[in-house]
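Asks: Those letters in the sequence shown? Residues 1 to 120, per the UniProt record's numbering, in order.
For glycine and all other residues, C-beta sits at the position ideal for the given N, C-alpha and C.
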Amino acid sequence: MNQYNVSSNSTFINITGLNDSTCYVFSIRAYTDNGYGVWMLLSMETLELPCFQTFTNMYTVTTSIINVGSTNSAASSSIDIVIALSAIVGVLLIILTVSIAINIWLLISHIRTNSKRNPR
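1. What is the C-beta distance between methionine 44 and tyrosine 24, in whole angstroms, given that I count them as a contact (C-beta under 8 Å)?
2. Roughly how far, in whole angstroms, is the beta-carbon of isoleucine 28 from the beta-carbon of leucine 47, given that I think they are within contact range, below 8 Å?
3. Using a Cβ-Cβ cutoff of less than 6 Å, which residues in the same chain neighbour threonine 37 once the five nearest sequence positions on both sides are dropped?
4. What did DSSP end up calling leucine 47 once you bin it into helix, strand or coil?
5. CA-CA distance, lysine 116 and alanine 101?
6. If I measure Cβ to Cβ from asparagine 19 and keep anything under 7 Å in the same chain, skipping five residues before and after, which residues do I get?
7. Any idea which residues DSSP pairs phenylalanine 26 with across the strands?
8. Secondary structure at residue 122, three-state DSSP: helix, strand or coil?
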């Protein structure tokens, strides 16, 4: 098994020299300002194109073009929005829980104080 490491700032990589009718497995991950993304596995099979006849000779064309990446950064920004909203909701739930606990404690303290002042 051959392994290659290709780094590029482009969202498009043209991989050449592949054999026809062969399955290739690619592991891909993006790097952004937020760090590395998750690995994505792609399994591609090259196809053999039919022969074309010209006036001089017969030849077979094999082509494999794999477009990797995206020019749309909406996916990464939507993940950032989900994380931010989750953090805000978590903080609000903690504040709500603490507020309810303080109100219950104050109510119990008030009831105890009143029962000591006015015994039945």
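Replies: According to the structure shown:
1. For the purposes of this step, residue 44 is taken as residue 44 along the sequence shown, with counting starting at 1. For the purposes of this step, residue 24 is taken as residue 24 along the sequence shown, with counting starting at 1. Right, their Cβ atoms sit about 5 Å apart.
2. Along the sequence shown, one-based indexing puts residue 28 at 28. Along the sequence shown, one-based indexing puts residue 47 at 47. Between leucine 47 and isoleucine 28 the Cβ distance is about 21 Å, and since that is not below 8 Å, they are no contact.
3. The sequence position of residue 37 within the sequence shown is 37, counting from 1. Note that residue 37 corresponds to glycine in the displayed sequence, not to threonine. Only Arg29, Ala30 meet the Cβ criterion.
4. Residue mapping note: residue 47 aligns to position 47 of the sequence shown, counting from 1. Here leucine 47 sits in coil by DSSP.
5. Counted from its first residue, the sequence shown places residue 116 at position 116. Counted from its first residue, the sequence shown places residue 101 at position 101. Approximately 23 Å between the Cα atoms of the pair.
6. Working through the sequence shown from its first residue, we reach residue 19 at position 19. Result list for asparagine 19: Thr46, in chain order.
7. As a working mapping, residue 26 is identified with position 26 in the sequence shown. Partner(s): Leu42.
8. Residue 122 lies beyond the residue range present for the chain, which begins at 1 and ends at 120; the question has no answer from this structure.
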